[in-house]
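Heads up: the sequence lines are chains A and B, in that order. In terms of my numbering, the first sequence opens at residue 1216 and continues consecutively. In terms of my numbering, the second sequence opens at residue 1216 and continues consecutively.
2 protein chains.
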Amino acid sequence: MSITIKDIAKIANVSITTVSLILNNKCHNIGEETIKRVRSIIEEHNYRPNALARGLITSKTRTIGLLVPNITNQFFAEITKGVEDGLSEHGYNVFLCNSYNDIDKEKQYIRVLKEQRVEGVILSSTNTVTQDYYSYLKEQGVAFVLLDRHASEPLNNGIIVDDRKGGFLAAQHLLELGHRKIGCLVESTGLCNIDERLHGYKDALAQYGVPYEEKFVVSGELTIEGGCQAAIKLIEEQIVTAIFATNDLMAIGVYEAAIQLGKRIPEDISVVGFDDISFAHYLTPKLTTVRQPIYEIGRRAAANLIYILQNKLYMPSTEVLDVELIIRNSTSSPR
Amino acid sequence: MSITIKDIAKIANVSITTVSLILNNKCHNIGEETIKRVRSIIEEHNYRPNALARGLITSKTRTIGLLVPNITNQFFAEITKGVEDGLSEHGYNVFLCNSYNDIDKEKQYIRVLKEQRVEGVILSSTNTVTQDYYSYLKEQGVAFVLLDRHASEPLNNGIIVDDRKGGFLAAQHLLELGHRKIGCLVESTGLCNIDERLHGYKDALAQYGVPYEEKFVVSGELTIEGGCQAAIKLIEEQIVTAIFATNDLMAIGVYEAAIQLGKRIPEDISVVGFDDISFAHYLTPKLTTVRQPIYEIGRRAAANLIYILQNKLYMPSTEVLDVELIIRNSTSSPR
DNA sequence: CTGAAAGCGCTTACAG
DNA sequence: CTGAAAGCGCTTACAG
C-alpha cells in the first residue's frame, strides 16, 4: 500500500541500491545529478523508508523501552520527559510501559520489548534490583540502565541520587530546629532508596545524640493515601513534633492526616518531604522537601543508554546525583 | 545473535512452517506430539519471535503512537495511563511522544511514527484540528483518533467532553452563589475546548440576565504561571468576586496570585477550575472544579482505535463524555 | 559511478 | 499431517 524503495527506484530509473545509498547518506560516489533527482522524487512522493525492514536488517530499531511503576506519579512523569528529550535528540523513540508495581507485569513487558527488538531499556524496577534479578536482566540480551534504583551489587550502569544524604539533610534540618521526637514514614517492600533515606535519618539522629526509636518509623504505600494512613497511625500512637516523609506524595498524605486530626502544620507538626515534585510548591503551607534533580535523572539515564549503545560497553559504575534541601514553610521549631 | 525460528525448527527437526504455525496457534492439523515437543523447545530456549520480521510481513506491528502536548501535565499523564491500559489489554504497545505544543514537532513525530509503521495514532493535537490539518492527517494513511480535540468539521473518530456544559456548570454555580462580576481565564491560541468552556460561561450569564463583559475575560497559558499572571492582571484591573479558570493548572495559578495580592479564597475571591486533576483535592482550600473523566477519556480513545483497526472503518462521530461539577471549598457567596 | 544478488526472520498460500 | 518456496522492504558486500 505504502510506497516503497522499489517504486522510487523505478520512477527515478535507478537501482534500489542507489536509492538506499542516498537515503542513508552513503552517496559519496553517486552523481550529483542522480542524487538531486532521487531526492526530489522521494520528497515529491513523501516516501519514508520502512523502519521494520531497516531494523530487521541492521538490528538498529532506534527504539528503546521505558519501564516505570506509574506514569501518574509526577515524579515519573517528569523523569519520562527527561528520558524522551534525551533520547529524541538522538533519533530514538520510546515505548512507554507502566508496571504498576507488579513484578510479573514488569517481566512481561521486558519480554514484549525484546520482541519489539528495542535496542535498550531504561528500567525503574518495582523492586530493589537483586543480584538474581540483575542476572536475569543481563540474560535478556538487551542493554539497560537502572533508573532511580540501586543494583544490590556490581553497581553499574545506573542513575541514582544520594538518598542517604537526603535523609540526613531532612532529619538534620528538623533537629536543628529543635525537634527530638521525629517520625519517619517509609515503605515496607524494602525499596533501597527508601532504606537509604531512613539510613540518613538515623545518621543525623546519631550525630545529634538523639536515640533512634523504632516506634517512630511507620510504613505505608508511597502514595497520598499511604502517607495519610501512616501519619494518622503515627500521630495517634506517638507524640511526635515532626515527620519526615520519604517521598512527597506521602508528605501530602501527612497534610491530609493533619486536617483530619485537627493539627496545624507547622505549628503542631513540622513536615519534610522528599522529591520536590512541582506541586510541593503549591501546597499550603509550601512543603519543605529534599529536591532530587528529577528531570536530570531522566536525561542522564538517556545519555547513559546512548553511551552504552554507541560504545557497546557498560558504564563502570552507578552515577550518583546530588540532592538539596529546599526549606519552605512546613517546618518550624516545636512549641 | 538471538535465537530464530530456524534454530527452533532445526532443533525440533521440523520445518519452520510447522514452528510458525504453532507459534500462531494455527496448528489445527499438527500432531499433538509435535506441538508439545516444539512448545517445550521454544520454552526451553526462551525463544521470542522477532516482531519486526513479523510486522514486515503481516503489517501488524501491534504498535500505536500516542502524541500529547506534555506528559508532565497531570491531565495528560492520567490520559496516558488510560490509553496504555486500554491498549495493552489488546496486546498493543505505545510509543509516547511529547509535542510540547509545537506543531512542527508534532508533524515530525507523526512522520517518525509512520516510519515505525504504527497501526494507528492517538492524537491530542497542539491546535484545534482544522479541516486542512484533518485532511493532512488522513493523507498520512494511518488510523488515528483525536483525543480531547474537536475536529472543526466531519466530527468523527474523536473523544471529547461536553466542554460547553462544563463552562455552564462552573458559571452557574458562581451565579447561584450570588456572584455577578465573574472573571474568566482562557487561552489565546484558540483551542476549541477552551472556546467551548467560555461559550458555556456566556450561556450561563445570559440565562441569569447578567451582561457579558469582555474585560472580565483574560487569556494566558494553560499553566500555573499562565494562570497566575492572568489572574493578577484581572484582579488588579477589575473588581471581580469570582474567577472561572478554564483548567485546573490555571486555577492553581489563581491561588498563587491570591497569595501575592493578599486576597483570601474564597472570602475575597471564589475560584472554579476545570479538569479535576488529582491535586485539586489537595489544595487549600480544596478546589471546586468541573470534573472530566480523564482516565476514561484515555481508555475510550484506546477502545475507539482498536475498533477502527479491527473493523477498518471509522466511528461515525465524535464521542462526547459527560462532565460534573465537584463543589469543594474554593467557592462561597460574595461578601 | 551504478546494479544484481543475497539475506535479515518471519508468514502464508500451495503442494503433497 | 508437514515442508519447500516466495516474498515483506530494506541494506550491504561485491562486481563491473
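By construction, the Cβ of each residue, glycine as well, lies at the ideal position given by its N, Cα and C atoms. Note that this is a predicted model, so its numbers are computed, not measured.
Spatial neighbours of residue i in its chain, beta-carbon cut-off 7 Å, leaving aside the 5 residues before and after
i, result
"Arg1395(B)", "Val1425"
"Leu1236(A)", "Cys1242 and Ile1245"
"Glu1289(A)", "Reading off the sequence shown, one finds Gln at residue 1289(A), where the question assumed Glu. Hits under 7 Å: Ile1492, Ser1493 and Phe1494."
Residue nearest to residue i in terms of C-alpha spacing, selected from the options
i, options, result
"Gln1355(A)", "Val1376(A), Arg1332(A), Ser1339(A) and Arg1364(A)", "Arg1332(A)"
"Asp1317(B)", "Glu1299(B), Thr1404(B) and Gly1488(B)", "Thr1404(B)"
"Tyr1349(A)", "Lys1329(A), Glu1334(A) and Gly1373(A)", "Gly1373(A)"
"Phe1489(A)", "Gln1475(A), Leu1476(A) and Asp1463(A)", "Asp1463(A)"
"Ile1509(B)", "Ala1446(B), Ala1472(B), Val1376(B) and Lys1275(B)", "Val1376(B)"
"Glu1534(A)", "Lys1527(A), Glu1258(A), Glu1429(A) and Arg1515(A)", "Arg1515(A)"
"Arg1506(A)", "Ser1255(A), Phe1383(A) and Glu1304(A)", "Phe1383(A)"
"Thr1295(A)", "Ser1545(A), Ser1532(A), Gly1513(A) and Leu1536(A)", "Gly1513(A)"
"Thr1192(B)", "Asp1300(A), Ala1472(A), Leu1328(A) and Glu1482(A)", "An answer regarding residue 1192(B) cannot be provided, because it is not within the stretch 1216 to 1550 covered by chain B."
"Ile1337(B)", "Ile1256(B), Asp1319(B) and Asn1313(B)", "Asn1313(B)"
"Gly1435(B)", "Leu1271(B), Lys1275(B), Ala1446(B) and Arg1269(B)", "Ala1446(B)"
"Gly1306(A)", "Lys1275(A), Arg1364(A) and Ser1217(A)", "Lys1275(A)"
"Thr1273(A)", "Val1360(A), Asn1239(A), Glu1258(A) and Arg1379(A)", "Asn1239(A)"
"Leu1536(A)", "Arg1543(A), Arg1379(A) and Asn1526(A)", "Arg1379(A)"
"Ile1439(B)", "Leu1476(A), Glu1482(A), Tyr1497(A) and Gly1415(A)", "Tyr1497(A)"
"Leu1528(B)", "Lys1353(B), Gly1415(B) and Arg1543(B)", "Lys1353(B)"
Cβ pair residue i, residue j closer than 8 Å
i, j, result
"Glu1402(A)", "Leu1437(A)", "yes"
"Cys1399(B)", "Phe1459(B)", "yes"
"Tyr1315(B)", "Asn1342(B)", "no"
"Ile1523(B)", "Ala1419(B)", "no"
"Leu1502(A)", "Ala1466(A)", "yes"
"Thr1499(A)", "Asp1491(A)", "no"
"Lys1448(A)", "Val1469(A)", "no"
"Ala1266(B)", "Glu1330(A)", "yes"
"Val1253(B)", "Val1283(B)", "no"
"Gly1381(B)", "Val1538(B)", "yes"
"Tyr1262(A)", "Ile1223(A)", "yes"
"Thr1461(A)", "Ile1541(A)", "no"
"Ile1220(B)", "Ile1256(B)", "no"
"Ser1545(B)", "Ile1480(B)", "yes"
"His1260(B)", "Ile1218(B)", "yes"
"Ile1397(B)", "Ala1472(B)", "no"
"Leu1328(B)", "Ala1268(A)", "no"
Residues of its chain near residue i, where Cβ-Cβ distance is below 8 Å and the 5 sequence neighbours each way are ignored
i, result
"Leu1302(B)", "Ile1279, Asn1308, Val1309, Ala1517, Leu1520 and Ile1521"
"Tyr1423(B)", "Gln1387 and Leu1390"
"Tyr1427(A)", "Lys1417, Leu1420 and Ala1421"
"Val1455(A)", "Lys1396, Ile1397, Gly1398, Phe1431, Leu1449 and Ile1484"
In DSSP terms, what residue i is bridged to
i, result
"Cys1399(A)", "Val1432(A) and Phe1459(A)"
"Cys1312(B)", "Leu1282(B)"
"Ile1409(A)", "According to DSSP, which records beta bridges pairwise, Ile1409(A) is partnered with nothing at all."
"Ser1548(A)", "Looking at the DSSP assignment, Ser1548(A) forms no beta bridge with any residue, so it has no partner."
"Leu1392(B)", "None, per the DSSP bridge assignment."
"Arg1506(B)", "Asp1490(B) and Glu1539(B)"
"Phe1359(B)", "Val1336(B)"
"Gly1373(B)", "Leu1361(B)"
"Glu1534(A)", "Ile1374(A)"
"Ser1235(A)", "DSSP output for Ser1235(A) lists no bridge partner at all."
Buried versus exposed call for residue i [16 or more other C-beta atoms within 10 Å across all chains shown]
i, result
"Glu1248(B)", "exposed"
"Asp1347(A)", "exposed"
"His1243(A)", "exposed"
"Asp1319(A)", "exposed"
"Gly1335(A)", "buried"
"Glu1411(A)", "buried"
"Ser1444(B)", "Residue 1444(B) is actually Gln in this sequence, not Ser. Buried, since its Cβ has 16 or more Cβ neighbours within 10 Å."
"Tyr1351(B)", "exposed"
"Glu1429(B)", "exposed"
"Glu1258(B)", "exposed"
"Glu1321(B)", "buried"
Contact test: residue i Cβ vs the ligand HEM heavy atom, cutoff 7 Å
i, result
"Ile1337(B)", "This structure lacks the ligand HEM, and indeed carries no ligand of any kind."
Nonlocal neighbours in the same chain, by C-beta distance under 6 Å from residue i, ignoring five residues either side
i, result
"Ser1293(A)", "Before going further, note that residue 1293(A) is Glu rather than Ser in the sequence given. Excluding sequence neighbours, Glu1293(A) sits near Ile1509 and Tyr1510."
"Gly1393(B)", "Ser1548 and Pro1549"
"Lys1478(B)", "Ile1484"
"Gly1297(B)", "Tyr1510, Gly1513 and Arg1514"
"Ala1385(A)", "Phe1459, Val1487 and Val1505"
"Ser1340(A)", "Arg1364"
"Leu1281(B)", "Val1298, Val1309, Leu1311 and Ile1337"
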